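For any residue, its number in my numbering is found by taking its place in the sequence shown, counting from 1, and adding 99.
Following: one structure in structure tokens, then a few remarks.
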Amino acid sequence: TAPSVTAPTAFDLTLTVIERYTVAIAGGGEESHENRVTGRITVHVNDSSREITTLSTTFIDDFLHSDRSPEFCVRNFTDSCADDKQMELNEIRDNRRLFINDSARSTMGPGSIAFYDARSSRLPVPVSQSAFADFRAPCRFARTSKVDGMFGFSTGTCQLTHVYENWQWRQCQSHFLPPSPSSAAFSLFPF
């Protein structure tokens, strides 16, 4: 059983195998001998569900606080998803230019996580074999338009994708999924 961890942790394991045997010696009697082999390995342990949930809720919290810079908001996005990271950065810049978010009146419900083998194929696999994860949670954003002062809510699903690299989970993408494509709230308040 793996130990409980709150952050990605590496454990160094050492295994020693000892074989003891006796050898008959000339003239009678026995002599004890031993073969000994030692191996070492580093095992990386992650609480993937906790890490992904923390990354997701941290990002949404950062996004909802309009005083936090767009660059700060994308600090946990990986550079291996560089286009997605840049697109998210630009979307947050647009949000900051157009809206004042109301973090106190915004919510995100409990999320669910699906684990996949890779970003491209998305074949479901056990968490221990995953390299890609999709976090989804119901969310409701409250904000005021800087253009006309109008207040409103956007209600839908927050989808955040994650990749496992360098022994830790990193964010890749963020999407706001409206309840329906014709949602007026979505067109009024893009995420």
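We put the beta carbon where it would ideally sit given N, CA and C, even for glycine.
Computed from a predicted model, the values in this text were never measured in an experiment.
Residue range 267 to 276 is occupied by the beta strand (DSSP E) that includes Gln272, with no alpha helix (DSSP H) assigned at that position.
The C-beta distance from Phe198 to Thr243 rounds to 7 Å, short enough to meet the 8 Å contact threshold. Contact between Cys180 and Cys257 does not hold, since their C-beta atoms are separated by about 17 Å, which reaches or exceeds 8 Å.
With contact defined as three or more Cβ pairs closer than 8 Å, the segment 123 to 138 and the segment 198 to 212 are not in contact. Around the beta carbon of Ile117, fewer than 16 other beta carbons lie within 10 angstroms, which makes this residue exposed. Around the Cβ of Val262, a 10 Å sphere holds 16 or more other Cβ atoms; the residue is buried.
Minimum Cα-Cα distance from Arg221 among the listed residues Ile151, Thr260, Thr156 corresponds to Thr260. By the neighbour-count criterion, in which 16 or more other beta carbons inside 10 Å mark a residue as buried, Ala232 falls on the buried side.
Here Ser165 is actually not in contact with Arg196; their C-beta atoms are around 10 Å apart, not less than 8 Å. Nearest C-alpha to Leu114 among Val136, Gly251, Ile124, Asn145: Val136. About 5 Å separates the beta carbon of Ile151 from that of Trp268, a gap short enough to meet the 8 Å contact definition. Assigned with DSSP and collapsed to three states, Pro225 falls in coil, not helix or strand.
Taking C-alpha positions only, Ala109 is separated from Gly126 by approximately 53 Å.
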